[in-house]
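In full-length UniProt numbering, the protein residues as written are 1 to 419. Below is one structure, written out as structure tokens; comments come after it.
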């Protein structure tokens with residue numbers, strides 16, 4: 001009789017976790033969610049997923065699916081919590097910033113969804129769970145009940161003309177997908193994050209529609225949204241984001257207060273790589289000259305565009321994807337000697353003689369509050385994108401510090417039957 005895998009890594013190796021198509025994704029997402037939650041909503045999908053994966057791995061017969069079999073341990077960087085206090089879901093999950101924050105307060109993630117395949121790879125590698133794909137294709141009845149809904153969703157325009165307002169205005173947007181899940185599952189608390197520009201998007205109509213939908217259509221209590229800056233919560237990054245929190249009517253919303261600034265003392269030196277970094281992160285001499293010329297042209301026109309060098313005792317600009325996201329957060333790193341710098345080469349030519357380099361993916365991870373235990377399992381390009389799109393974990397933790405006590409004060413119907 002073949003030995004049952006003892007841990008998650010063995011299980012994934014034997015079953016061959018390869019996402020070639022939508023069927024593979026659904027199989028792996030259902031199975032890994034079932035393993036972590038043991039929830040009946042995933043049982044049928046897990047059985048189908050097991051059969052699908054075993055059929056593809058003819059060289060190794062895993063045997064029939066058993067609902068009683070789970071990995072004995074999770075040998076992943078960030079395993080699920082023991083003895084969870086509440087349940088939450090992670091929508092538009094990215095690489096799990098909300099998940100890390102939620103688990104730090106004893107939360108158990110019972111559902112995750114992410115459309116980007118490289119982000120899903122990072123998520124599975126670190127948490128031992130494959131997120132489901134496009135949330136638009138997921139029936140809310142296939143999502144377990146939960147206490148907290150977390151979502152850092154994209155900012156989109158609402159087509160208001162000809163609509164009656166509220167919930168109807170949100171159709172065709174990703175916020176509508178959030179709203180339909182709230183309507184179906186009625187979580188105790190909803191925590192949303194978005195870019196600062198949401199406040200004036202469509203002259204404020206977008207934010208007004210979101211608040212109106214939560215209040216009037218979904219009957220939640222919504223304190224006024226608040227813009228919070230990551231630099232005030234222990235990371236050296238000037239990153240402003242708007243947070244919206246909504247409480248179900250039976251949850252004590254009056255006890256909630258938005259967190260106040262806690263620690264703005266951190267600088268780049270606090271998150272800099274401990275050792276000298278690889279030559280690939282240093283700017284080539286040719287590109288460095290073009291960056292300086294580009295900045296000079298804009299300066300002559302009275303514009304402030306161009307690269308920016310962050311001093312060791314300074315704080316970074318908001319890290320972001322595209323544009324000059326990396327170039328607005330250059331640093332000077334003279335740990336290699338000047339002769340070593342001048343002798344270093346990269347495919348694009350000799351490295352600049354001023355020791356100017358880009359921040360590394362690990363430094364971007366630290367700017368967002370990711371622990372060093374979080375493993376970077378993708379290319380540098382994907383890593384920059386993933387960390388740039390992520391939520392700042394320390395800010396979410398500060399929010400949850402205010403939210404969780406109210407959340408825990410209300411028992412679910414499931415808990416009440418056990419009293």
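For every residue, glycine included, the Cβ atom is placed at its ideal position computed from N, Cα and C.
Using 8 Å as the threshold, is the C-beta distance between residue 152 and residue 233 below it? no
Give the secondary structure of residue 121 by DSSP, where H, G and I count as helix, E and B as strand, and everything else as coil. helix
What do you get for residue 112, buried or exposed, if any count of 16 or more other CB atoms within 10 angstroms of its CB means buried? buried
On the criterion of 16 or more Cβ atoms from any shown chain inside 10 Å, does residue 227 qualify as buried, or is it exposed? exposed
So, at 8 Å on beta carbons, what are the nonlocal neighbours of residue 321 in its own chain, with the 5 sequence-adjacent residues on each side left out? 384, 385, 388, 389
Can you list, in chain order, the residues of its chain whose CB lies under 8 Å from that of residue 393, leaving out five sequence neighbours each side? 97, 100, 101, 368, 369, 370
In the DSSP output, what is residue 107 paired with across the bridge? 86
Taking 7 Å as the limit between beta carbons, can you name the residues of its chain near residue 317, skipping five residues before and five after? 238, 308, 328, 329
I need the DSSP call for residue 155, collapsed to helix, strand or coil. coil
What residue from 72, 74, 52 has the CA that sits closest to residue 64's CA? 52
Rounded to whole angstroms, what's the CA-CA distance from residue 264 to residue 254? Just pull it up for me. 28 Å
Reduced DSSP category for residue 255 - H, G, I as helix; E, B as strand; rest coil: coil
Note down, in chain order, each residue of its chain lying with its Cβ closer than 6 Å to the Cβ of residue 258, except the 5 sequence neighbours on either side. 226
Take the Cβ of residue 411 as the centre, count every other Cβ of all protein chains shown within 10 Å, and call the residue buried at 16 or more, exposed below. exposed
Residues in the same chain with beta-carbon distance under 6 Å from residue 376, minus the five sequence neighbours each way, listed in chain order, please. 361, 383
Could you have a look at residue 132 and say whether DSSP puts it in helix, strand or coil? strand
Under the assumption that residue 268 contacts residue 312 (Cβ atoms under 8 Å), give the Cβ distance between them as a whole number of angstroms. 6 Å
Helix, strand or coil at residue 246 [DSSP, three-state]: strand
Excluding the five sequence neighbours on either side, which residues of its own chain have a C-beta within less than 8 Å of the C-beta of residue 56, listed in chain order? 16
Neighbourhood of residue 408 by C-beta distance below 8 Å, restricted to the same chain and skipping five residues each side: 85, 86
Could you check what DSSP says for residue 361 in three-state terms: helix, strand or coil? helix
Residue from 334, 391, 299 whose Cα sits closest to the Cα of residue 194: 391
Roughly how many whole angstroms lie between the Cα atoms of residue 256 and residue 188? 13 Å
Three-state secondary structure assigned by DSSP to residue 350: strand
Residue 143: which of 181, 76, 176 sits nearest, CA to CA? 181
What three-state label does DSSP hand residue 226 in the structure shown? strand
Residue 296 to residue 33, Cα distance in whole Å? 53 Å
What separation, rounded to the nearest whole angstrom, lies between the Cα atoms of residue 82 and residue 108? 9 Å
Mapping DSSP to helix, strand and coil, what is residue 263? strand
Here's the rule: buried if 16 or more other CB atoms are within 10 angstroms of the residue's CB, otherwise exposed. What is residue 261? exposed
Considering only residues of the same chain and omitting the five flanking positions on each side of residue 105, which have a CB-CB separation below 6 Å? 400, 404
According to the neighbour-count rule (16 or more other Cβ atoms, all chains shown, within 10 Å of its Cβ), is residue 125 buried or exposed? buried
If I follow the unbroken alpha helix (DSSP H) through residue 10, where does it start and stop? 8 to 15
Report yes if the C-beta distance between residue 8 and residue 128 is below 8 Å; otherwise report no. yes
Residue interval of the beta strand (DSSP E) (run including residue 189): 189 to 195
Contacts around residue 90, its chain only, beta-carbon distance under 6 Å, and the 5 residues preceding and following it disregarded: 98, 99, 109, 112, 150
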